[in-house]
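Residues 1 to 472 (the UniProt record's numbering) are what the sequence shown spells out, left to right.
Below: one structure, written as structure tokens.
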Amino acid sequence: MIELQAIRWGEPYESLDIDEVKHFYTGEPVARVHTVGSGIVQRDAKKAKFARRALQAISPADLIAMCKKAGELFESGTLQVGDSKQTPEDFIQQQSATTGMPIAMCQANVTKNAFVLKNIDTILDALTRGLDLNILARGYGEEERGVTVSYQAQCDALGAVLPSNSPGVHTLWIPVIALQMGLVLKPGSSEPWTPYRVYSAMVEAGIPRETFCLYPGAGADIGGAILSSCRRSMIFGGPQTVQQYSGNPKVQVHGPGFSKILLGDDCVDDWEQYVDMMADSVYRNGGRSCLNTSSIYASRHTKEIAEALAAKLGPIEVLPPDDPNAGLAAFTIEGAAKAIWGAIENDAKASLVTDMTSQYGERLVERDPVAYIRPVVLHHASIESDSRNKEYMFPMVNVVECPQDKMIDAIDYSLICTGVTNDEELRRDLIACTEIDRLNLGPIPTPQVDWLQPHEGNLIEFLYKNRALQIG
1 MIELQAIRWG EPYESLDIDE VKHFYTGEPV ARVHTVGSGI VQRDAKKAKF ARRALQAISP
61 ADLIAMCKKA GELFESGTLQ VGDSKQTPED FIQQQSATTG MPIAMCQANV TKNAFVLKNI
121 DTILDALTRG LDLNILARGY GEEERGVTVS YQAQCDALGA VLPSNSPGVH TLWIPVIALQ
181 MGLVLKPGSS EPWTPYRVYS AMVEAGIPRE TFCLYPGAGA DIGGAILSSC RRSMIFGGPQ
241 TVQQYSGNPK VQVHGPGFSK ILLGDDCVDD WEQYVDMMAD SVYRNGGRSC LNTSSIYASR
301 HTKEIAEALA AKLGPIEVLP PDDPNAGLAA FTIEGAAKAI WGAIENDAKA SLVTDMTSQY
361 GERLVERDPV AYIRPVVLHH ASIESDSRNK EYMFPMVNVV ECPQDKMIDA IDYSLICTGV
421 TNDEELRRDL IACTEIDRLN LGPIPTPQVD WLQPHEGNLI EFLYKNRALQ IG
């Protein structure tokens with residue numbers, strides 16, 4: 001069993017309060033994590049300036065080279081993690097064991113996080129729109145057009161309260177070190193593995209260890225202390241979390257995606273061409289991500305679309321996590337899957353809603369102490385259906401019949417929207433819609449994210465303030 005000490009600006013910290021991270025199915029301990037209280041987090045936050053100074057002593061070019069090396073180490077190196085040596089295979093097995101995610105899904109997320117590190121220069125060039133990183137490092141500089149520009153860092157270290165459900169979200173905070181800012185992280189209670197392995201890879205690559213804090217454990221007060229102590233932070237959570245921090249300029253909130261696919265009237269008669277794309281958008285990554293499609297809108301053929309999706313997704317069975325074909329993750333919180341399935345059953349009783357997957361066997365699969373829900377496809381005969389945009393953390397999709405001219409008003413917020421249409425008027429409406437964050441024009445799966453474009457807000461704009469600076 002691995003021992004994970006808290007990290008306080010690079011120094012391991014042994015605590016008297018120790019939590020166990022357990023195997024999702026057997027209940028056997030996989031890791032012991034040393035937890036801290038909010039007081040320690042608040043005291044440590046006062047030293048954040050030293051983390052930034054340590055990084056400012058290294059040029060942006062050298063930090064980028066170190067991050068690239070860290071990407072190689074993260075993906076394929078044997079690293080010191082906690083009190084143990086961890087191979088990539090160990091990492092994947094441990095992550096699967098405590099989260100309930102299939103091995104194949106964990107491997108895919110390794111590739112995704114390593115990609116960001118190995119391509120950090122290209123990603124930062126895109127996020128900064130080609131700005132010379134030395135201008136960010138110095139605080140000001142002159143652009144090629146001869147204009148002085150200035151960017152003021154809004155924090156010395158970014159705080160992040162991380163989730164356990166999708167290790168892919170770590171791509172959002174990984175670039176921060178290359179921007180010469182420290183990291184204060186609270187790993188997810190059942191997924192401490194990615195933050196610790198990224199930390200170990202970066203330190204092994206030459207990045208000063210004193211630029212990191214990691215505070216593992218289940219305590220909610222740790223997250224609260226990070227958000228109140230860091231001048232800039234990000235948090236991942238549900239609708240309540242989004243509402244709680246909405247309008248707070250110091251906190252970037254990442255919540256449910258409610259991502260959607262819209263089939264325009266000019267393309268909907270060819271819907272069969274897009275079934276594979278739609279099914280992939282629903283099922284990829286176990287349906288657990290904010291990127292997954294939760295609703296599909298079309299003006300006609302919706303019953304046939306729902307039937308076709310149900311035929312593809314409905315037969316999918318629960319498989320052991322080590323099966324290479326496993327694509328469904330376990331619900332590890334007792335009673336969660338049963339409550340979710342109960343809510344879906346209740347929604348399906350409405351006159352406008354039909355469960356298209358009912359013919360493919362039971363959806364709720366209970367395997368004490370965990371449970372699974374097999375893919376669900378619901379057909380909604382009208383936008384009058386109140387449950388048409390609901391989202392859950394498994395492959396569940398609503399297929400909604402809706403006139404094209406009412407779609408924009410009916411979809412509500414969408415992190416990602418794929419508009420399958422060549423209709424210029426509809427495309428203009430989609431581009432203008434302020435409820436859509438990321439927009440795909442054409443048959444692009446919603447989980448297919450271009451990391452050279454901003455995700456739920458531009459990290460640079462969040463961490464830096466563009467201001468005036470004159471030199472006499």
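Just so it is clear, CB atoms sit at the ideal spot from N, CA and C, and this is done for glycine as well.
Here the structure is a predicted model, which is why all the values come from computation and not from measurement.
(message) Within the continuous beta strand (DSSP E) that includes Ser351, where are the two ends?
(response) Neither: Ser351 is in no beta strand (DSSP E) and is coded neither H nor E.
(request) Using alpha carbons as the reference points, say which of Asp429, Leu426, Gly39, Ile7 lies closest to Ser228. (result) Gly39
(request) Kindly indicate which residue of Asn113, Ala114, Ile92 has the alpha-carbon position closest to the one of Ala104. (result) Ile92
(request) For Arg288, count neighbouring Cβ atoms within 10 angstroms of its own Cβ and tell me buried if that reaches 16, exposed if not. (result) buried
(request) Assign Met181 to one of two classes, buried (16 or more other C-beta atoms within 10 Å of its C-beta) or exposed (fewer than that). (result) buried
(request) Taking Gly71 as part of the alpha helix (DSSP H), name the residues at either end of that continuous run. (result) 60-76
(message) On the criterion of 16 or more Cβ atoms from any shown chain inside 10 Å, does Glu425 qualify as buried, or is it exposed?
(response) exposed
(request) Determine the DSSP secondary structure at Ala330, reduced to helix, strand or coil. (result) coil
(message) I'd like to confirm the pairing. Which residues does DSSP put opposite Ala153 in its beta bridges?
(response) Tyr464
(message) Let me make sure I understand the geometry here. Which of Val33, Ala279, Gly286 has the alpha-carbon closest to that of Leu309?
(response) Ala279
(message) Less than 7 Å between C-beta atoms, sequence neighbours within five positions excluded: which residues of the same chain meet that for Ile120?
(response) Ile64, Cys67, Lys68, Pro175, Ala178
(message) Using 8 Å as the threshold, is the C-beta distance between Ile235 and Val41 below it?
(response) no
(request) Sort His380, Ser295, Asp265 by Cα distance to Ser351 and report the nearest one. (result) His380
(request) Report buried or exposed for Asp156, applying the criterion of at least 16 other Cβ atoms within 10 angstroms of its Cβ. (result) buried
(request) Could you tell me if Leu55 is buried or exposed, where buried requires 16 or more neighbouring beta carbons within 10 angstroms of its beta carbon? (result) buried
(message) Within the continuous alpha helix (DSSP H) that includes Asp280, where are the two ends?
(response) 275-283
(message) So if DSSP puts Met234 in a beta bridge, which residue, or which two residues, is it bridged to?
(response) Ala160, Gln252
(request) Report the rounded CA-to-CA distance for Gln453 versus Leu124, giving the unit in angstroms. (result) 10 Å
(request) Go through its chain and collect everything with a Cβ distance to Gly255's Cβ below 8 Å, but skip five positions before and after it. (result) Phe236, Gly237, Gly238, Pro239, Thr241, Val242, Cys290
(request) Could you tell me the distance, in whole angstroms, from the CA atom of Pro320 to the CA atom of Lys390? (result) 28 Å
(request) Give me the Cα-Cα distance between Ala306 and Val370, rounded to the nearest whole angstrom. (result) 29 Å
(request) Name the residue from Ser385, Gly217, Glu334 whose alpha carbon lies nearest to the alpha carbon of Asn346. (result) Ser385
(request) Rank Tyr25, Leu439, Ala61, Pro102 by C-alpha distance to the C-alpha of Ile333 and give the top, closest one. (result) Tyr25
(message) Between the segment 141-159 and the segment 84-99, can you find at least three pairs of beta-carbon atoms closer than 8 Å?
(response) no
(message) I'd like to know if the segment 262-269 and the segment 416-425 are in contact, where contact means that at least 3 CB-CB pairs between them fall below 8 Å.
(response) yes
(message) Within the continuous alpha helix (DSSP H) that includes Phe91, where are the two ends?
(response) 88-99
(request) Please determine, among Thr128, Pro208, Asn285, Ile226, the residue with the shortest C-alpha to C-alpha distance to Val161. (result) Ile226
(message) Within 8 Å, do at least three Cβ pairs link the segment 357-367 to the segment 269-277?
(response) no
(message) Given this structure, state the Cα-to-Cα distance separating Arg8 from His301, to the nearest angstrom.
(response) 57 Å
(request) Could you tell me the distance, in whole angstroms, from the CA atom of Tyr215 to the CA atom of Ser166? (result) 19 Å
(request) Determine whether the Cβ of Met396 lies closer than 8 Å to any Cβ atom of chain B. (result) Chain labels in this structure do not include chain B; a single protein chain is all it has.
(request) Take Arg32 as the anchor and find which of Gly71, Glu401, Ile2 has the nearest alpha-carbon. (result) Ile2
(request) Determine the contact status of Ile296 and Val400, defining contact as a CB-CB distance below 8 Å. (result) yes
(request) Determine the closest residue to Ala343 out of Asn134, Tyr392, Leu133, with distance taken between C-alpha atoms. (result) Tyr392
(request) Just the C-alpha distance for Ile207 and Glu20, rounded to the nearest angstrom, thanks. (result) 29 Å
(message) Distance check for Val353 and Asp62, CA to CA, integer angstroms please.
(response) 57 Å
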